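Everything below concerns the one structure shown next.
Residue numbers (the working numbering), protein chains in the order written: chain A, 7 to 247; chain B, 3 to 143.
Encoded structure:
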């Protein structure tokens, strides 16, 4: 006997499709994540270590150069400087691939610490309207990755003089993460010769995996704002005492 | 030969704990060039055995070791730990740095690091050792 057909309301179908799409995005993010960690590990365990050795060797040679061999000493000094530059660049790439892990205390504490770290390069302020906000760990991890990548993209452009990261929560509209800088750091805004280290597509994918949306706004008046809005699924808001 | 800020400094006894062969090799070369006396170990177990028998002024330890980590090494070394300890790790993690300070390390170097940064730290270690020795009426020469 044929089973009676069930009419599924359109919004249920849409929600189902959204759920499947979100799961697929989540799996893609996880796959990319694993690949990035693998590359970061390989760079750290081989290239970074070898560079450390080379830097030490150059410094040793510089101390061994006999007095009066100005040109040789100068060459070794240039070599040491270039090795230092490569080291800094490589460390930067490794940090792109594998940001420092989140603090056990959660996203807010992690972003406070991250803003302090960014401030070594460019003044960076972190604002949060609810410091007791507790998010689902997966949501928190993705938001952290987005904040990290966007702020580092702003630092990479070098034109910014101020960065602001903000995290706001609202029972009605959800969680809103925003990264603003007073210079254009959006996709393909850098010079042609400069590598685009920020994977913007991955940031959009992270937002979609949360059922959220990522927008990048670079008005002609200047500055860039990256915003990720996510429904408050799994969020506990601090609220009133 | 070019002069170093440390040329006039009495040599330090330095214990390097690091499992990466090239890093150990060139770190030893560099430190010996600065006239320091260098011993090395590749694992935490090996390091603990050496520390139980010998005294050092400075410990330079990688945080990631094959059989443990630098923090555990310092904790387990107990009274045999050198007076001045320097941690090294590959990533700029504030958490690592904080953990190193809490474990008793005096500095935390991020690899690859600039040799000048290490010299600055060793200068501080040497000054501290000289100060301690002066208080105890001991010559460090």
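For every residue, glycine included, the Cβ atom is placed at its ideal position computed from N, Cα and C.
Predicted model, so just to flag it, every value in this text is computed and none were measured.
If I'm right that residue i touches residue j with Cβ under 8 angstroms, what's the distance once you round it to whole angstroms?
i: residue 96(A); j: residue 53(A); result: 6 angstroms
i: residue 163(A); j: residue 195(A); result: 7 angstroms
i: residue 106(B); j: residue 87(B); result: 6 angstroms
i: residue 18(B); j: residue 26(B); result: 6 angstroms
i: residue 32(A); j: residue 215(A); result: 4 angstroms
i: residue 100(A); j: residue 46(A); result: 5 angstroms
i: residue 185(A); j: residue 171(A); result: 5 angstroms
Would you tell me roughly how many angstroms separate the C-alpha atoms of residue i and residue j, rounded to the nearest one?
i: residue 35(A); j: residue 235(A); result: 18 angstroms
i: residue 118(A); j: residue 73(A); result: 50 angstroms
i: residue 219(A); j: residue 213(A); result: 5 angstroms
i: residue 190(A); j: residue 204(A); result: 14 angstroms
i: residue 98(B); j: residue 105(A); result: 13 angstroms
i: residue 84(B); j: residue 58(B); result: 5 angstroms
i: residue 141(A); j: residue 115(A); result: 12 angstroms
i: residue 89(B); j: residue 91(A); result: 22 angstroms
i: residue 70(B); j: residue 22(B); result: 14 angstroms
i: residue 132(A); j: residue 147(A); result: 17 angstroms
i: residue 120(A); j: residue 154(A); result: 8 angstroms
i: residue 63(A); j: residue 44(A); result: 28 angstroms
i: residue 136(A); j: residue 128(A); result: 25 angstroms
i: residue 112(B); j: residue 124(A); result: 16 angstroms
i: residue 58(A); j: residue 103(A); result: 20 angstroms
i: residue 50(A); j: residue 20(B); result: 14 angstroms
i: residue 202(A); j: residue 139(B); result: 60 angstroms
i: residue 144(A); j: residue 128(B); result: 47 angstroms
i: residue 161(A); j: residue 13(B); result: 42 angstroms
i: residue 251(A); j: residue 223(A); result: The structure shown does not extend to residue 251(A), since chain A spans only 7 to 247, so no value can be given for it.
i: residue 62(B); j: residue 231(A); result: 43 angstroms
i: residue 4(B); j: residue 110(B); result: In this predicted model, residue 4(B) has a pLDDT of only 45, less than 50, meaning its place in the structure is not dependable enough to derive any value.
i: residue 211(A); j: residue 64(B); result: 36 angstroms
i: residue 85(A); j: residue 30(B); result: 20 angstroms
i: residue 92(B); j: residue 94(A); result: 12 angstroms
i: residue 67(A); j: residue 35(B); result: 9 angstroms
i: residue 67(B); j: residue 225(A); result: 50 angstroms
i: residue 101(B); j: residue 109(A); result: 12 angstroms
i: residue 111(A); j: residue 103(B); result: 19 angstroms
i: residue 126(B); j: residue 130(A); result: 31 angstroms
When DSSP builds the beta bridges, which residues end up paired with residue i?
i: residue 184(A); result: 172(A), 233(A)
i: residue 88(B); result: 62(B), 109(B)
i: residue 19(B); result: 43(B), 63(B)
Starting from residue i and walking both ways along the alpha helix (DSSP H), at which residues does that stretch end?
i: residue 66(A); result: 55 to 70
i: residue 153(A); result: 143 to 163
i: residue 211(A); result: 206 to 215
i: residue 80(A); result: 76 to 103
i: residue 118(A); result: 113 to 124
i: residue 47(B); result: 46 to 55
i: residue 29(B); result: 23 to 35
i: residue 130(B); result: 117 to 138
i: residue 72(B); result: 72 to 79
Just reading off the beta strand (DSSP E) that residue i is part of, what are its end residues?
i: residue 41(B); result: 39 to 43
i: residue 221(A); result: 219 to 223
i: residue 193(A); result: Taken as a continuous stretch (DSSP letters only), residue 193(A) belongs to no beta strand (DSSP E), as it is neither H nor E.
i: residue 131(A); result: 130 to 134
Item checked: Three-pair Cβ contact test at 8 angstroms for the stretch 43 to 57 of chain B versus the stretch 116 to 129 of chain B -> With the cut-off at 8 angstroms, the stretch 43 to 57 of chain B and the stretch 116 to 129 of chain B do not touch.
Check: For the stretch 76 to 89 of chain A against the stretch 37 to 51 of chain B, are there 3 or more C-beta pairs whose distance is under 8 angstroms?
Finding: Contact between the stretch 76 to 89 of chain A and the stretch 37 to 51 of chain B is absent, because fewer than three Cβ pairs lie under 8 angstroms.
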